[in-house]
Amino acid sequence: MFNSDFNSLVELLQVFSSEEKCIEHLEELYWNGTPVSPFVEGSKVYKCAGGKYKCKDSGKYFDVKTGTMFAGTKVSLQQWFCAIYLVINHKKGVSSAQLGRDLNISQKTAWYMLNRIRMCFGIENYNELEGVVEADESFYGGLNKNRHKKNKIPHSQGRACVDKTPVLGLLERSSGRITAVVTKDTSKESLQPVIRKYVKPQTLFITDDWKGYRNMPEYNHHVVKNYKEKVYDHTIHTNNIEGAWKIMKNSLRDMYNSVSKKYLQMYVDEFVFRFNTREMKSGIRFNYLLLNSNIRTKYKDLIHV
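UniProt numbering puts the sequence shown at residues 1 to 305.
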């Protein structure tokens, strides 16, 4: 069984003290110790020099990094493992500039590594939710009041999406899991298809009184009532999802100078991964991401997201 006992970066470096140990770990994770061809299922595999293997049926060569986030990289696996550990365990994430300094690599290389890792974070997002589900939107793009007079944007108050990008969050109370999706705006045409895709019918669905949530008869829909009213149900609230948004906003504000709309969903996926796996021990969470790192991302794919 692969090692999952490390709970600090120092322990991780002790476990994976060389490139060979990193490769052995990946081979055990991906192949259970027996090489498997990524080209032809069930093909016989020959072991070659330099950690390479050859698929008999296709005649192609491969290694344990083929078809994963590590494919074609010139950065050592030990540095990759450190990067993954730092990203998933820092509550507010890590900037590419900071990661570059920590790993003694360029900021550009660190940015490429970070975004390859982020492309794998979707494994914890887009869950189907049931039971009691809270919904709320969060907005990203800065406050108009903080802009210089000449840069202020008219008609951008409230839920207007003129200068901000909305993210719809759905939280399942029983498990504490979140599904969060960047949307075009907060109209019912944008919000309700996402809700219907990820929230099962007959769910107790709790929202505020925004019109984008109205007319969904397939749910047991409850609206958060005004606190000034004398009688209301204390279980009908959206405190949990609002608390999650506070963590995410603090992360984006404190760790990153700015996040463009183009890449916002990737940062949302990163936050959701850390939030949904917050009860996992560090080593188990590290291996969980490695097990789901079979996403080959090229540079052109990232810049054309």
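For every residue, glycine included, the Cβ atom is placed at its ideal position computed from N, Cα and C.
Model, not experiment: these values are computed from the prediction.
Are residue i and residue j touching if we call contact CB-CB under 8 Å?
| i | j | result |
| --- | --- | --- |
| tyrosine 140 | lysine 108 | no |
| isoleucine 206 | alanine 110 | no |
| glycine 131 | threonine 203 | yes |
| glutamate 19 | serine 76 | yes |
| tyrosine 198 | threonine 179 | yes |
| leucine 129 | leucine 168 | no |
| isoleucine 88 | arginine 278 | no |
| glycine 212 | phenylalanine 6 | no |
| isoleucine 236 | lysine 249 | no |
Alpha carbon to alpha carbon, how far is residue i from residue j?
| i | j | result |
| --- | --- | --- |
| serine 251 | valine 45 | 45 Å |
| threonine 66 | glutamine 98 | 28 Å |
| glutamate 11 | leucine 302 | 32 Å |
| asparagine 287 | histidine 25 | 10 Å |
| glutamine 14 | isoleucine 84 | 16 Å |
| tryptophan 245 | aspartate 233 | 23 Å |
| arginine 296 | arginine 196 | 30 Å |
| glycine 93 | isoleucine 123 | 17 Å |
| cysteine 55 | valine 194 | 42 Å |
| tryptophan 31 | aspartate 63 | 11 Å |
| asparagine 104 | lysine 21 | 21 Å |
| methionine 119 | methionine 266 | 7 Å |
| arginine 101 | serine 95 | 10 Å |
| methionine 69 | glycine 243 | 32 Å |
| lysine 300 | asparagine 220 | 45 Å |
| asparagine 239 | arginine 177 | 14 Å |
| leucine 264 | glutamine 192 | 20 Å |
| tyrosine 115 | cysteine 82 | Correcting the residue identity first, residue 115 is asparagine in this sequence and not tyrosine. C-alpha separation (whole angstroms): 15 Å. |
| serine 174 | lysine 52 | 46 Å |
| valine 272 | lysine 91 | 11 Å |
| valine 259 | isoleucine 241 | 21 Å |
| phenylalanine 121 | aspartate 269 | 5 Å |
| serine 106 | glutamine 78 | 16 Å |
| asparagine 127 | valine 133 | 12 Å |
| serine 43 | glycine 59 | 10 Å |
| lysine 281 | serine 8 | 10 Å |
| cysteine 48 | threonine 34 | 14 Å |
| alanine 71 | proline 201 | 41 Å |
| asparagine 276 | valine 181 | 15 Å |
| histidine 222 | glutamate 172 | 15 Å |
| valine 231 | aspartate 209 | Here valine 231 scores only 48 on pLDDT, less than 50, and its place in the model should not be relied on; the value that follows carries that caveat. Each residue's Cα considered, the two are about 17 Å apart. |
Between residue i and chain D, is the shortest Cβ-Cβ distance under 8 Å, so that the two count as touching?
| i | result |
| --- | --- |
| lysine 246 | This model lacks chain D altogether, as it is built from one protein chain only. |
Opposite residue i in the DSSP bridges: which residues?
| i | result |
| --- | --- |
| alanine 180 | Gly169 |
| tyrosine 140 | Thr165 |
| leucine 129 | Val199 |
| alanine 135 | Leu170 |
| phenylalanine 62 | Tyr53 |
| valine 45 | Cys55 |
Would the C-beta of residue i count as close to the ligand GDP, meaning under 7 Å from any of its heavy atoms?
| i | result |
| --- | --- |
| glycine 67 | No copy of the ligand GDP appears in this structure; indeed no ligand is present at all. |
Checklist entry - Are the stretch 212–221 and the stretch 182–189 touching by the rule of at least three beta carbon pairs closer than 8 Å? => result yes
Checklist entry - Three or more beta-carbon pairs under 8 Å between the stretch 25–41 and the stretch 282–296, yes or no? => result yes
Item to check | Runs of beta strand (DSSP E) lying entirely within the stretch 198–231, each at least 3 residues, in chain order | outcome: 204–207 and 220–223
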